[in-house]
Amino acid sequence: MSAQIVTYAGFIVAGWLFLTGLYGIITSRHLVHLCLSMTVVQASTYVLLAVIGYRPGLPAPIFVNMPAGSPAVDPVIQALMLTDIVVEATVIALLLAITVRIHRRTSTADPNEVDIMRG
Amino acid sequence: MAPLPVVIPLMVAAVLAAVGHSFHRRVLDSIALATSAGVTAVCGLLAVESTHHVIVYWFGNWQPSAHAHFPVGICFMIDPIGAGLAALTSFLVLAAFTFSWSYFESVKAIYHILMLVFLGAMCGLCLSGDLFNLFVWFELMTAAGVALCGYKSEEGQSLQGALNFAVLNTAGALLSLGGVALVYAYTGSLNMCEVGQTLARHHSSTGFLCVSFLFIISGFLVKAAVFPFHFWLADAHAVAPTPVCVLFSGVMVELGVYAVARIYWVVFSGAAAPSTSAIRTVFLIVGALTTIVGALYCFGQRHLKRLLAFSTISHVGVMVLGLAILQPEGLAGSAIYLIGHGLVKASLFIGAGILLHRFGSVDEFDLLGRCREVLPIGLLMALGAAGLAGLPPFATFLGEKTIEEAARHVHQPWIVAIIVFAEILTSGAVLRFTMRVFGGWGKARELTLHGAPHIDTKPETTGQHSHVPLFMWGPMLVLLLAACLVALPWAARSGIRQEIQRFETPGIYMDAVLLGKTAAAPAAKPAVAMLGFSWEQVIVLIGMIGLALGALASGSAKYRFGSSVARLLLRAQAALRRLQSGRVGDYVAWFTIGIAVYGALLVFLR
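In order, the protein sequence lines correspond to chains A and B.
Heads up: the first sequence begins at 1 in the numbering used here, then just goes up one per residue.
Heads up: the second sequence begins at 120 in the numbering used here, then just goes up one per residue.
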């Protein structure tokens, strides 16, 4: 029962984080805020993955002090999460680099003021 | 040999990143050229080899064993469609590197490195047989693409384009990852074949299937720039350096369509068989909207790169329409169309690069009549317009006819009308541009371009240039010739149909990946009808020339008819232009609305 509650709560939190992050991006008035909103969206995928890999009461899949093959939480998910974090860190680094460039170029960081192209 | 299309470019990029900064420009160029030529050859060989059977390559030799009944390893699943696309990708990279030989004086090693990483990521996407890896390649593609798009980082609009590109694509990719996670939670696997088999075996609820399907493809729909996720594309393409545009429009966007098709057929087609008609309806709506909206935007542009970018959106819509028929014939048409369009569009973008190099602008009114001295380039561009119009002997003609034939076969003849409409508008726009800048016609400011954005694009080469170097017009000509030649052997059509039949038979992939069995491709059914030059082509030809001339004449009061058509177009464009606000927040809002609407449609129609 408790495992199910954790799972459902996790799904709800993930969905909530995703939508909150998108809302942040949509209404953002500062590029750094926009990047941080993007990290909130990214966090939703971490939560989702963590919940999916979760097994009640089981340890992390590090088989140093326990025999190989003993039950643990899903190691595949942990690999996915690590990869996901690396990939998303790259994207955020790029976004921040663009932010710095835009600020240097236009001396503003408001995405609504850098809209040179329209139509 | 299977992993080489990914390993070679990534390794060379890594080596260049370590030691490339001390290399002379020409050394870097030569290494990049040799690498992309090598990858083209490897992909071509793989495509030929995989016609016999699907090639499966397990990284680290982690094959599914008798003990563990599901595959833990990550595999490449190579068939002629995927390998052929990888070959097209590397061929276009080769063309882009050839073009940049005499371009871009200030180029540094970072350009070659990013292009090679971009190439490796695109090849990985073509060959991957693993859902999570699809996401990783997608993100690597986005990262390299964004960096290339913002390469001219001293220009404000370059940065704006790169920002919009990065934010939209990442949002889509994250939703895709969410979908992959949901599917993993349900099936316990990431291997496409295994997931497809499990989903089909367990009779999963159609609601779950629809939601996870939409989530997984959402990132690829953003990449494919379908309506209303298309906004980033025009901003990114208009500002990226020309060789990068060649890749963006020529193949990157189309890879989104490929990934959607791959995911649908291998993973979902078995389980979602009861909701086929809902999926078809949604894809038809997406395709039709994208085609029409892209064409309307396209005709209202005066900036050549932006014009071509919107035309890409429209043509992607045509490919989605072919896919939406959900039958081998339609998808075969899309595949041929994809190849033909990629080559023609790459050639036209190189034409834009030549104008930028020679005259320092790609704006229709800035260039008015100035390009007369390089008339041969204008001739090639007019030929490119014919390619976009789907006229013979271009491969787009063959693809378009195959899609239309399939559309009639499933009693959706309105698809033909939409394709004809889009082709008239997009090719008419290119022809109008060509006539105005090379012929100096239509000096009066025309109505259709009232309110078209004027984007100041700085030349990418310095100094005055009195001639167009061979390394620039050469690739343009070769790409156009290739667009004709791939369609020349008419037998190629039955070959592609046969491959598509295999592409749409997930069982073949499952046997190959999960059981290691190899089966020959099924024999292609005979073509439904012979293809010939028919009334659609005549309409498109007349429409394209008529529209171009009408647009050029619409400034003077003498031609009433032209100006009334122009006014109608103008009204539609003005409405659409307001949507293309250039603000990333608006684009993400459209993304959210689009996903919600398409999701609701899919769930209600299932």
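Think of the CB as a built atom: it goes at the ideal place given N, C-alpha and C, for glycine as much as any other residue.
For this session: Rank B:Met120, B:Val131, B:Gly704, B:Leu129 by C-alpha distance to the C-alpha of glutamate 168 of chain B and give the top, closest one.
Result: Comparing Cα-Cα distances from glutamate 168 of chain B to each of B:Met120, B:Val131, B:Gly704, B:Leu129, the minimum goes to B:Met120.
For this session: Whole angstroms is fine: what's the gap from valine 297 of chain B's alpha carbon to phenylalanine 11 of chain A's?
Result: Strictly speaking, residue 297 of chain B in this sequence is glycine, with valine absent from that position. Cα to Cα, glycine 297 of chain B sits roughly 10 Å from phenylalanine 11 of chain A.
For this session: Measure the CB-CB distance between serine 219 of chain B and proline 128 of chain B and report whether it falls below 8 Å.
Result: no
For this session: Return the chain-ordered list of same chain residues with a C-beta closer than 6 Å to the C-beta of serine 210 of chain B, the five sequence neighbours on each side being excluded.
Result: For the sequence presented, residue 210 of chain B should be read as phenylalanine rather than serine. Around phenylalanine 210 of chain B: Thr159.
Exercise. Can you name the residues of chain A whose CB is closer than 8 Å to the CB of tyrosine 717 of chain B?
Worked result: Under the 8 Å cutoff, chain A gives no residues; its nearest Cβ is about 16 Å from tyrosine 717 of chain B.
Problem set entry | CB contact flag (leucine 259 of chain B, alanine 691 of chain B, <8 Å) | no
Exercise. To the nearest angstrom, how far is it from the Cα of isoleucine 193 of chain B to the Cα of tryptophan 177 of chain B?
Worked result: 6 Å
Exercise. So, helix, strand or coil for tyrosine 176 of chain B, using DSSP?
Worked result: In the structure shown, tyrosine 176 of chain B falls within a strand segment according to DSSP collapsed to helix, strand and coil.
Problem set entry | Assumed close pair aspartate 84 of chain A, arginine 55 of chain A - CB separation to whole angstroms, cut-off 8 Å | Contact flag wrong, Cβ pair sits at about 20 Å.
Problem set entry | Neighbour flag for glutamine 78 of chain A against chain B, beta carbons, 8 Å | no
For this session: Name, please, each residue of chain A whose Cβ falls closer than 7 Å to the Cβ of serine 272 of chain B.
Result: Arg101
Exercise. By the criterion of Cβ-Cβ separation under 7 Å, what are the contact partners of glutamine 42 of chain A in chain B?
Worked result: Leu293
Exercise. Can you find a CB in chain B that lies within less than 8 Å of the CB of arginine 183 of chain A?
Worked result: Nothing can be reported for residue 183 of chain A, as the shown portion of chain A is limited to 1 through 119.
Exercise. Closer than 8 Å, Cβ to any Cβ of chain B: which residues of the stretch 57-87 of chain A, in chain order?
Worked result: Val76, Ile77, Leu80, Thr83, Asp84, Val87
Exercise. Between valine 61 of chain B and leucine 123 of chain B, is the Cβ-Cβ spacing less than 8 Å?
Worked result: In the structure as shown, chain B starts at 120 and stops at 725, and residue 61 of chain B therefore has no counterpart that could be examined.
Exercise. Do you know offhand how far arginine 551 of chain B's Cα is from alanine 353 of chain B's?
Worked result: In a straight line, the C-alpha of arginine 551 of chain B is about 19 Å away from that of alanine 353 of chain B.
Problem set entry | Strand pairing of histidine 422 of chain B, partner residues [DSSP] | B:Asp482
Problem set entry | Reduced DSSP category for aspartate 148 of chain B - H, G, I as helix; E, B as strand; rest coil | helix
Exercise. Between the stretch 390-399 of chain B and the stretch 433-442 of chain B, do at least 3 Cβ pairs fall closer than 8 Å?
Worked result: Contact between the stretch 390-399 of chain B and the stretch 433-442 of chain B is not established, with fewer than three Cβ pairs separated by less than 8 Å.
Exercise. Can you find a CB in chain A that lies within less than 8 Å of the CB of glutamate 258 of chain B?
Worked result: yes
For this session: Could you pull out every unbroken alpha helix (DSSP H) segment of at least 4 residues lying fully inside the stretch 364-413 of chain B, listed in chain order?
Result: 372-381
Exercise. Between which two residues does the alpha helix (DSSP H) harbouring methionine 241 of chain B extend?
Worked result: Unbroken alpha helix (DSSP H) run through methionine 241 of chain B: 228-246.
Exercise. Are the stretch 518-537 of chain B and the stretch 438-453 of chain B in contact at 8 Å, needing three or more beta carbon pairs?
Worked result: yes
For this session: Return yes when the Cβ of alanine 390 of chain B is within less than 8 Å of the Cβ of alanine 319 of chain B, no when it is not.
Result: yes
Problem set entry | Chain-ordered residues of the stretch 295-310 of chain B with a beta carbon less than 7 Å from chain A | The residues in question are Leu296, Gly297, Ala300, Tyr303, Ala304.
For this session: Report yes if the CB atom of glycine 503 of chain B is closer than 8 Å to the CB atom of glycine 470 of chain B, and no otherwise.
Result: yes
For this session: From the DSSP output, in three-state form, read off aspartate 97 of chain B for me.
Result: Nothing about residue 97 of chain B can be reported from this structure: the residues present for chain B run from 120 to 725 only.
For this session: Taking only the alpha-carbon atoms, compute the straight-line gap between threonine 99 of chain A and glycine 315 of chain B and give it to the nearest angstrom.
Result: 41 Å
Exercise. Since cysteine 194 of chain B is in the beta strand (DSSP E), which residue starts that stretch and which ends it?
Worked result: 194-197
Problem set entry | DSSP-derived helix/strand/coil call for asparagine 252 of chain B | helix
Problem set entry | Per-residue DSSP class, three states only, for asparagine 310 of chain B | strand
Exercise. Comparing alpha-carbon positions, which option in B:Pro532, B:Lys424, B:Leu152, B:Ser221 lies nearest histidine 573 of chain B?
Worked result: B:Lys424
Problem set entry | C-alpha gap between alanine 601 of chain B and leucine 462 of chain B, whole angstroms | Here the C-alpha atom of alanine 601 of chain B lies approximately 7 Å from the C-alpha atom of leucine 462 of chain B.
Exercise. How is aspartate 74 of chain A classed by DSSP in three states: helix, strand or coil?
Worked result: coil
For this session: Starting from the beta carbon of serine 28 of chain A, find every residue of chain B whose beta carbon is closer than 7 Å, and list them in chain order.
Result: Gly704
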